[in-house]
Amino acid sequence: MNDLIDLIFDPGHGGTDPGAVGPTTKEKDNVLVLAKKTAAYLDATGGFRVKFTRDTDKDFCNGAYYNENLDLKNRVAVANDLGGKVFVAFHDNSCTGNAYGNEVYAVAAGGEGEKLAKAICSRMATQLDMVDRGVKFAGWYVCKWTDMPAVLVEYGFINSEEATILAKMDQAALTIAQGIGDNFGVSVTAKGKEEDVVNDAILMFSDEDYWAAKDVSAKNAGIAMFVRQGATRVVPADALKAKHLFVIGGASTGHVNETLLSGNTKYDTVAVVSKYLG
Ligand SMILES: [Zn+2]
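Adding 1164 to a residue's 1-based position in the sequence shown gives its number in my numbering.
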């Protein structure tokens, strides 16, 4: 039997708590996508088993009136019950004014948490072409009270660089997965993931289609998302490898099993998607 390394992933916020809110998206949705994509890269290595505190849009107040302290306390209890080698919380940063970049927190210097934070941070610093804010230390509740070494990843500032956050989501997931892999001596490659056949995928015309794409993804149990690249809106090769492709905005890709949800304008596209969602 394979000895898998168990990891606990905690996408921040959820349910009643949106987290930080950007021009078009909410932190709770972005970090759920980021954590799922990161897990997909790690699962593909065959070396890890990723467990989620939440893999849907929920908070941890179990229907009671939302209260942050209760949410965090229950979230930690879920993580400790799941058990794992390390705990990784996923967040988007936000501030008043403008700030940019990524930072990774550990509770304190000198432990396993700092080692993991450094591994993740150095990958993000060198591979994402975003501002590197480095490793920091803070006693975030979820990191302080979980039983295992814990880190908290702040991926971008949703108020200042939402478009970057959305555009680089897949690349960020790969770099975070590679940082975690480095920490445990496991090689994580983009190729490993491509070998998995994606059944359904979504192709967005631009980042502005994320909101509609998110709902189509939710309706189909959380599927891979791609964005057309550059000024000429090139379709990523991986999107065409999916067995079934939802196209949100833009022209047909010619994929043999395509569901075209495009209007003549981005507003028409939203209407077409709404009709599909029913
Ligand atoms: Zn947050």
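Virtual Cβ for every residue (Gly too), placed ideally from N, Cα, C.
As the structure is a prediction and not an experimental result, all values here were calculated from the model.
| query | result |
| --- | --- |
| Alpha carbon of Gly1442 to alpha carbon of Thr1290, nearest angstrom | 43 Å |
| Residues sharing a beta bridge with Tyr1269, DSSP | Lys1300 and Leu1316 |
| Neighbourhood of ligand 1 [Cβ distance below 5 Å to any heavy atom], ordered by chain position | Gly1176, Gly1183 and His1255 |
| Unbroken alpha helix (DSSP H) run spanning Val1240, endpoints | Glu1232 to Leu1246 |
| Other residues of its chain near Ser1416: CB distance less than 7 Å, five sequence neighbours each side excluded | Glu1422 and Leu1424 |
| Three-state class that DSSP yields for Leu1196 in the structure shown | helix |
| Sequence-distant residues of the same chain with beta carbon closer than 7 Å to Trp1375, five excluded per side | Thr1188 and Thr1189 |
| Lys1215 - containing beta strand (DSSP E), residue span | Phe1212 to Phe1216 |
| Distance between Asn1428 and Ile1172 (C-alpha atoms, nearest Å) | 43 Å |
| Cβ neighbour criterion (16 or more within 10 Å) applied to Asn1257 | buried |
| As assigned by DSSP and simplified to three states, the class of Gly1183 | coil |
| Three-state secondary structure assigned by DSSP to Thr1429 | coil |
| Status (buried if at least 16 other CB within 10 Å, exposed otherwise) for Lys1308 | exposed |
| Cβ pair Thr1220, Val1350 closer than 8 Å | no |
| Sheet register partners of Lys1190 (DSSP bridge) | Val1185 |
| Continuous alpha helix (DSSP H) stretch holding Phe1348: start and end | Met1333 to Phe1348 |
| Cα-Cα separation between Gly1261 and Leu1404, rounded to whole angstroms | 40 Å |
| Exposure label - Gln1342; buried when at least 16 CB within 10 Å | buried |
| 7 Å CB neighbourhood of Asp1167 in its chain, flanking five on each side removed | none |
| Leu1108 - partner residues in DSSP beta bridges | Past the edges of the chain, shown from 1165 to 1442, lies residue 1108, and the structure says nothing about it. |
| Residues near Lys1201 by beta carbon distance below 7 Å, same chain, minus five either side | Met1333, Asp1334 and Ala1337 |
| Buried/exposed call for Phe1233, threshold 16 Cβ in 10 Å | The amino acid occupying residue 1233 in the given sequence is Asn; Phe does not appear at that position. Exposed is the call here. |
| Per DSSP, the bridge partner or partners of Glu1422 | Leu1409 |
| Buried versus exposed, by CB contacts within 10 Å (16 or more), Asn1266 | buried |
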